[in-house]
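J.: Residue numbers (this note's numbering), protein chains in the order written: chain Z, 1 to 189; chain X, 190 to 378; chain F, 379 to 567.
C-beta atoms are modelled at their ideal positions from N, C-alpha and C, and glycine is treated no differently.
Provided herewith is a single structure, encoded as structure tokens, for subsequent inquiry.
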Amino acid sequence: MGATRFIETLVLSLLLLLSGSSATQRKKTRAAPRMPCKQMVFYFHDILYNGENAKNATSAIVGAPAWGNRTILAGQNHFGNVVVFDDPITLDNNLLSIPVGRAQGFYLYDRKDYFTAWLGFSFFFNSTQHRGSITFAGADPLNKTRDISVIGGTGDFFMARGIATLMTDAVEGDVYFRLQVYIKLFECW
Amino acid sequence: MGATRFIETLVLSLLLLLSGSSATQRKKTRAAPRMPCKQMVFYFHDILYNGENAKNATSAIVGAPAWGNRTILAGQNHFGNVVVFDDPITLDNNLLSIPVGRAQGFYLYDRKDYFTAWLGFSFFFNSTQHRGSITFAGADPLNKTRDISVIGGTGDFFMARGIATLMTDAVEGDVYFRLQVYIKLFECW
Amino acid sequence: MGATRFIETLVLSLLLLLSGSSATQRKKTRAAPRMPCKQMVFYFHDILYNGENAKNATSAIVGAPAWGNRTILAGQNHFGNVVVFDDPITLDNNLLSIPVGRAQGFYLYDRKDYFTAWLGFSFFFNSTQHRGSITFAGADPLNKTRDISVIGGTGDFFMARGIATLMTDAVEGDVYFRLQVYIKLFECW
């Protein structure tokens, strides 16, 4: 009798402990399989202001080195140019598709001897399908494909973390480029 | 006998519960209650340099599109303006209250057809009450209230993650604005 | 008797299991020991373009307040200057050592009454030793040592989070500085 009650108490205590711990655990070992908890693919389209396309432009040079200006990307692989953008996000690679959100933020060119960039931007969604934002940051070596970090999110993407694989899907001179963004979240709440 | 079987069943249930909880490591379901581990409310005050307020100004335009300059915010909803700031943080909405820290970083306006911004900044504290920093990043649609991400922290806010709800508490022309920042951390170490 | 002992053993095992799992709960208390899962020390070297060192310069002023320009750092503690950089990373404090990666991104000076900065940059590695990136952000009070946040990573540093302790290891006028970066990751996958 006494033993049974003692055990019941222990078991109950254990259950309480468990309900506390089950809510939250953390460090994964590297051996653990890396399965994204969410995957999405989007495209975004950047049309850079060049002095003649004020109506269509979705981005503009706002910083330049001493040897540059804000209408034409600077020499030396655009080193030092800072570009602010507000680009439409689409589900396919067609610039004319109905946007599902906006890619907003900045990129800067940071290397003299070949093209590399650094990006800080967010995907901002406000539709029936997605509501909230995903924020990205990181170095972009401008290889065929490259990863940057997903550093946070809000709304539907509350506390998101992960990586995004960028692929330049099209380039037209210095005026237009289109990026494919394959988002893989590894922390979902 | 009956007691032993009862206990075995309980122990098995516990083991199952445990194996269940190990599956919920890191990946939280959306059903889980989202209780912040830390909540704080602050205000910060931004006085933009306009050519005449060099003494009081806490921020300055440092980037502008080709059609803008660095003394007056550009047309088209300030699209392309980049502003660097070092703003006092107060506990209430009074600009003259004793600052408890500094809000430091930048914001940029990134949309032509209406106001939106992108922010990268930190709250920096060095007082008896708080020591350390909280870093924020994200798109700011400039709605009545909007969320951005808390992407990191140091000192008292070591490894912090969460969201911050911004509310524009006051605006005076293009020179002064005050933001209320309601910080909700969901990862505290 | 035997049954009770068997149960005690089981319960004890469960308790041990629990204490194991409770150690890896997400929300860490401040009392918990903070052991980095990875530690690394690097140096990086910044040579700022000053109008005369185009060949050697690894960084350039790209933003300035109305009272500044892009060749000379502005008065008032360089408030408002934005600098884009692509700096070599070395394992020791010798500028001429073979670089093991590049530090890429930007810093900005954000205070009028003394030096403080805000940084957004990545360490980019593409060698046999390290492949991938680590991204940093945060306020830099420019004290002797100061911490900024590690907000993400890719490749070998997939999903990294932690802090980095910066120490200015050398300064030569407004042209050259060298930072020691002691990276401590607290989330490793």
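1) Select from the region 520–533 of chain F all residues with a C-beta closer than 9 angstroms to any C-beta belonging to chain Z, and list them in chain order.
2) Put F/His508 into one of helix, strand or coil per three-state DSSP.
3) Would you list, in chain order, the members of the region 64–84 of chain Z that have their beta-carbon closer than 8 angstroms to a beta-carbon of chain X?
4) List, in order along the chain, the chain Z residues whose C-beta lies closer than 9 angstroms to that of F/Gly498?
5) Taking 8 angstroms as the CB-CB limit, is Z/Ile61 close to chain X?
6) My assumption, with CB atoms under 8 angstroms, is that F/Leu557 sits in contact with F/Phe422. Please give the rounded CB distance.
7) If you drop the 5 nearest sequence neighbours on each side, which residues of the same chain put their C-beta closer than 6 angstroms to that of X/Gly341?
8) Here's the rule I'm using: 16 or more other beta-carbon atoms within 10 Å means buried, otherwise exposed. How should X/Met348 be labelled?
9) Which class does F/Leu451 belong to by DSSP, given the choice of helix, strand or coil?
10) Given a cut-off of 8 angstroms on the beta-carbon distance, is the pair F/Gly335 and Z/Val83 in contact?
11) Would you please state the rounded distance, in angstroms, between the beta carbons of Z/Ala66 and F/Tyr427? I believe it to be under 8 angstroms.
12) Drop a sphere of 10 angstroms on the beta-carbon of X/Glu241, count the other beta-carbons inside from all chains shown, and report buried for 16 or more, exposed for fewer.
13) Hey, how far is the Cα of Z/Ser22 from the Cα of X/Arg223?
14) Confirm the yes/no value for this check: CB of X/Glu361, any heavy atom of the ligand FMN, distance under 7 angstroms.
15) For the beta strand (DSSP E) that Z/Phe115 lies in, which residues bound it at each end?
16) Can you list, in chain order, the residues of the region 343–373 of chain X whose Cβ is nearer than 7 angstroms to any Cβ on chain Z?
17) In chain F, what lies closer than 7 angstroms to X/Phe313 by C-beta?
18) Between F/Pro568 and F/Thr494, is the Cβ-Cβ spacing less than 8 angstroms?
19) What runs of the beta strand (DSSP E), each 3 residues or longer, lie entirely inside the region 416–442 of chain F?
20) Give me the Cβ distance between X/Arg300 and X/Phe268, rounded to the nearest whole Å; I'm assuming they're in contact under 8 angstroms.
21) Name, please, each residue of chain Z whose Cβ falls closer than 8 angstroms to the Cβ of F/Tyr427.
22) Does the separation of the CB atoms of F/Thr543 and F/Tyr554 fall below 8 angstroms?
23) Can you check whether the C-beta of Z/Asp115 is within less than 8 angstroms of a C-beta belonging to chain X?
24) Go ahead and label F/Thr407 buried or exposed: buried means 16 or more other beta carbons lie within 10 angstroms of its beta carbon, across all protein chains shown.
25) For Z/Thr29 and chain X, any beta-carbon pair shorter than 8 angstroms?
26) Specify the secondary structure class of X/Pro277 as computed by DSSP and reduced to three states.
27) Please report the distance separating the alpha-carbon of X/Phe313 from that of Z/Glu172.
28) Can you tell me whether F/Ile529 is helix, strand or coil according to DSSP?
29) What is the DSSP secondary structure of F/Ser475, reduced to helix, strand or coil?
30) Starting from F/Val559, trace the beta strand (DSSP E) in both directions and tell me its first and last residue.
31) For Z/Lys112 and chain F, any beta-carbon pair shorter than 8 angstroms?
32) Please list the partners that X/Leu297 has in chain Z, where partner means a Cβ-to-Cβ separation under 7 angstroms.
33) Taking only beta-carbon atoms, is X/Phe231 less than 8 angstroms away from chain C?
34) Please return the same chain residues whose Cβ sits closer than 6 angstroms to the Cβ of Z/Gly155, not counting the five positions on each side in sequence.
35) Going along chain Z, which residues have a C-beta under 9 angstroms from X/Arg223?
36) Tell me whether F/Asn521 is buried or exposed, calling it buried when 16 or more other Cβ atoms sit within 10 Å of its Cβ.
T.: This is what the structure gives:
1) Against chain Z - using a Cβ distance shorter than 9 angstroms - the residues of the region 520–533 of chain F are Ile529, Gly530, Gly531, Thr532 and Gly533.
2) In the structure shown, F/His508 sits in coil (DSSP, three-state: anything other than H, G, I, E or B).
3) If the cut-off is 8 angstroms between Cβ atoms, the region 64–84 of chain Z has Asn69, Arg70, Thr71, Val82 and Val84 near chain X.
4) Going along chain Z in sequence order, the residues near F/Gly498 (Cβ under 9 angstroms) are Trp118, Gly120 and Ala137.
5) Chain X, which has a Cβ nearer than 8 angstroms to the Cβ of Z/Ile61, makes this yes.
6) Right, their Cβ atoms sit about 6 angstroms apart.
7) Contacts found: Thr324.
8) Answer is buried; the Cβ neighbour count reaches 16.
9) F/Leu451: coil per DSSP, three-state reduction.
10) No statement about residue 335 of chain F is possible, as the shown extent of chain F runs from 379 to 567 and does not include it.
11) About 7 angstroms; that satisfies the 8 angstroms criterion.
12) Note on X/Glu241: under 16 other CB atoms within 10 angstroms of its CB, so exposed under the neighbour-count rule.
13) Any answer about Z/Ser22 is weak, because its pLDDT of 35 lies below 50 and its placement is not dependable; what the coordinates show is given next. Approximately 14 angstroms between the Cα atoms of the pair.
14) Because no ligand of any kind appears in the structure shown, any question about the ligand FMN cannot be addressed here.
15) That residue, Z/Phe115, is in no beta strand (DSSP E); it is neither H nor E in DSSP.
16) Residues of the region 343–373 of chain X whose Cβ lies closer than 7 angstroms to any Cβ of chain Z, in chain order: Arg350 and Ile352.
17) Residues of chain F passing the Cβ test: Ala517 and Pro519.
18) Since the displayed chain F opens at 379 and closes at 567, residue 568 of chain F lies outside it and no answer follows.
19) The beta strand (DSSP E) runs of length 3 or more contained entirely in the region 416–442 of chain F are, from start to end of the chain, 416–425 and 437–441.
20) Yes, X/Arg300 and X/Phe268 are in contact; Cβ-Cβ is about 6 angstroms, under 8 angstroms.
21) Using a Cβ-Cβ cut-off of 8 angstroms, F/Tyr427 is close to Pro65 and Ala66 of chain Z, given in chain order.
22) It is not a contact, given that the beta carbons lie outside the stated cut-off.
23) Rather than Asp, the amino acid found at residue 115 of chain Z in this sequence is Phe. No, no contact with chain X.
24) For F/Thr407, the predicted model reports a pLDDT of 37, less than 50, meaning its position is unreliable and no value from the coordinates is stated.
25) In this prediction, Z/Thr29 has a pLDDT of 37, which is less than 50 and means its spatial position is unreliable; nothing more can be read from the coordinates.
26) In the structure shown, X/Pro277 sits in a strand (DSSP, three-state: E or B).
27) The straight-line gap from Cα to Cα measures roughly 43 angstroms.
28) Collapsing the DSSP output to three states places F/Ile529 in a strand.
29) Assignment of F/Ser475 by DSSP, reduced to helix, strand and coil, places it in the coil class.
30) First-last of the beta strand (DSSP E) with F/Val559: Tyr554 to Glu565.
31) Yes, its Cβ sits closer than 8 angstroms to a Cβ of chain F.
32) Within chain Z, the residues Val84 and Phe106 have their CB atoms less than 7 angstroms from the CB of X/Leu297, given in chain order.
33) Looking at the structure shown, chain C is missing, and the protein chains on hand are Z, X and F.
34) Non-local C-beta neighbours of Z/Gly155 in its own chain, meaning closer than 6 angstroms and more than five positions away in sequence, comprise Arg131 and Gly132, ordered along the chain.
35) In chain order: Phe158, Met159 and Trp189.
36) Exposed, because fewer than 16 other Cβ atoms sit within 10 Å of the Cβ of F/Asn521.
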